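Numbering (this note's numbering), first residue to last: 40 to 269.
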Amino acid sequence: MNNDPSSAPPTAARARIETVEAEITAAAERAGRDPARVKLIAVSKTFDAAQIEPVIGAGQFRFGENRVQESLAKWPGLKARHTDIELHLIGPLQSNKARDAVALFDVIHTIDRPKIAAAIAREMEQAGRAPRLLVQVNTGEEEQKAGIFPARADAFVKQCREEFGLKIEGLMCIPPLDEESALHFALLNKIAARNGLDELSMGMSADFENAVALGATYVRVGTAIFGKRG
Ligand SMILES: *Cc1c(COP(=O)(O)O)cnc(C)c1O
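Set out below in structure tokens:
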């Protein structure tokens, strides 16, 4: 018997996706929200193409990766074989990777400083390709973490729109590990509302139900779908 979920057959992948989808639906209904507003991103970082195939086979088409370099190694091939894939960049972005990111990703969740906003705007213009964009907010104000601080978020969203001509669709956060994530989700929701932003990317395997209750429109779920990362 092979107990590694990442190499389990398609039917097992389907069961895990269906479980997560059912939990999302239940959480949305408890909160009086339309479950159709919550989009599941399967976070496939560290898993290779062969491990991702069964999850695609189970009907999942929206995937998230946190590194541009790793994504370049596996997604062009997968995207060529499965034309409906929607790929999300959920990890920190360096400006020297902006071109690759614009070429490969359909949604970028991690716009977090003027230099990146400028680089993305430039590459979008060059490539004639327009990934959807979210601004990452460092709600816990952690020095080592990416994201704009909450106090600067309004001004940064405005700058993205007015100075760089970027259409920002929403906000993303990764709460501190040792804090109640609900407080961070509520803060992100508040910042989004006052900036007229519709999309909220928040919630991972451990806390996506809370995130759904607090307004998430994208949840980013890795472990609960792929199993533990090596
Ligand atoms: C890895 C990762 C996730 C998924 O985490 P799990 O706990 O495995 O669900 C979500 N968001 C980001 C930004 C990540 O890097």
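The beta carbon of each residue, even a glycine, is placed where N, CA and C say it ideally should be. These numbers were taken from a predicted model, which means no experiment stands behind them.
Along the chain, where does the alpha helix (DSSP H) that runs through S220 open and close?
-> For the purposes of this step, residue 220 is identified with residue 181 of the sequence shown, where counting begins at 1. Unbroken alpha helix (DSSP H) run through S220: 220–233.
Whose CA, out of L126, G179, L79, R53, lies closest to the CA of A255?
-> For the purposes of this step, residue 255 is identified with residue 216 of the sequence shown, where counting begins at 1. Nearest of L126, G179, L79, R53 to A255, Cα basis: L79.
Compute every distance between the C-beta of G204 and the non-hydrogen atoms of ligand 1, then say whether any falls below 6 Å.
-> Indexing the sequence shown from 1 puts residue 204 at position 165. Checking the Cβ of G204 against ligand 1 gives no.
Do the stretch 67–74 and the stretch 93–110 touch if we need at least three Cβ pairs shorter than 8 Å?
-> no
Can you tell me which of L173, T58, F102 puts its alpha carbon nearest to the alpha carbon of L132?
-> Residue mapping note: residue 132 aligns to position 93 of the sequence shown, counting from 1. Nearest option by C-alpha distance: L173.
Of the residues R76, E248, Q198, which one's Cα is nearest the Cα of S220?
-> Here residue 220 refers to the residue found at position 181 of the sequence shown. For the residues R76, E248, Q198, the minimum Cα distance to S220 belongs to E248.
Measure the beta-carbon distance from L216 to V176 and round it to whole angstroms, keeping in mind my assumption that it falls under 8 Å.
-> Mapped onto the sequence shown, residue 216 falls at position 177. Mapped onto the sequence shown, residue 176 falls at position 137. About 17 Å; that fails the 8 Å criterion.
So, does the CB of H127 fall closer than 7 Å to a CB anywhere in chain C?
-> Absent here is chain C; the protein component of the structure consists of one chain.
Since L126 and D151 are thought to touch, with beta carbons under 8 Å apart, how far apart are those beta carbons, to the nearest angstrom?
-> On the sequence shown, residue 126 is found 87 positions in, with the first residue counted as 1. On the sequence shown, residue 151 is found 112 positions in, with the first residue counted as 1. The Cβ separation is near 19 Å, so there is no contact.
Do the stretch 238–247 and the stretch 197–211 make contact, defined as three or more Cβ pairs closer than 8 Å?
-> yes
Relative to the C-alpha of K113, which residue among P153, S134, T85 is closest?
-> Residue mapping note: residue 113 aligns to position 74 of the sequence shown, counting from 1. Of P153, S134, T85, the residue nearest in Cα terms is T85.
Can you tell me the Cβ-Cβ gap for P115 and I147, rounded? I've got them flagged as a contact below 8 Å.
-> To locate residue 115, count along the sequence shown from 1; it is residue 76. To locate residue 147, count along the sequence shown from 1; it is residue 108. Between I147 and P115 the Cβ distance is about 17 Å, and since that is not below 8 Å, they are no contact.
So S110 is in the alpha helix (DSSP H); what residue range does that whole segment cover?
-> Numbered from its first residue, the sequence shown carries residue 110 at position 71. Its alpha helix (DSSP H) spans residues 107–120.
Rounded to whole angstroms, how far is the Cβ of G107 from the Cβ of K154, which I believe are closer than 8 Å?
-> Here residue 107 is taken as the residue at index 68 of the sequence shown, counted from 1. Here residue 154 is taken as the residue at index 115 of the sequence shown, counted from 1. Checking the sequence, you will find Val at residue 107 rather than Gly. Incorrect: roughly 16 Å between the Cβ atoms, too far for contact.
Alpha helix (DSSP H) runs wholly inside the stretch 127–215, at least 4 long, in chain order | 137–143, 153–166, 189–201
In the DSSP assignment, what residue or residues form a beta bridge with I80?
-> For the purposes of this step, residue 80 is taken as residue 41 along the sequence shown, with counting starting at 1. According to DSSP, I80 bridges with R259.
What do you reckon, are the CB atoms on V141 and A166 nearer than 7 Å?
-> As a working mapping, residue 141 is identified with position 102 in the sequence shown. As a working mapping, residue 166 is identified with position 127 in the sequence shown. It is a contact, given that the beta carbons lie within the stated cut-off.
Have a look at A54 and G103 and give me their C-alpha separation to the nearest angstrom.
-> Taking the sequence shown and counting its residues from 1, the one referred to as residue 54 is at position 15. Taking the sequence shown and counting its residues from 1, the one referred to as residue 103 is at position 64. Answer to the nearest angstrom: the Cα atoms are 19 Å apart.
To the nearest angstrom, report how far apart R65 and R76 are at their CA atoms.
-> Numbered from 1 along the sequence shown, position 26 holds the residue referred to as residue 65. Numbered from 1 along the sequence shown, position 37 holds the residue referred to as residue 76. The identity of residue 65 in the sequence shown is Ala, whereas the question assumes Arg. Rounded to the nearest angstrom, the two C-alpha atoms are 13 Å apart.
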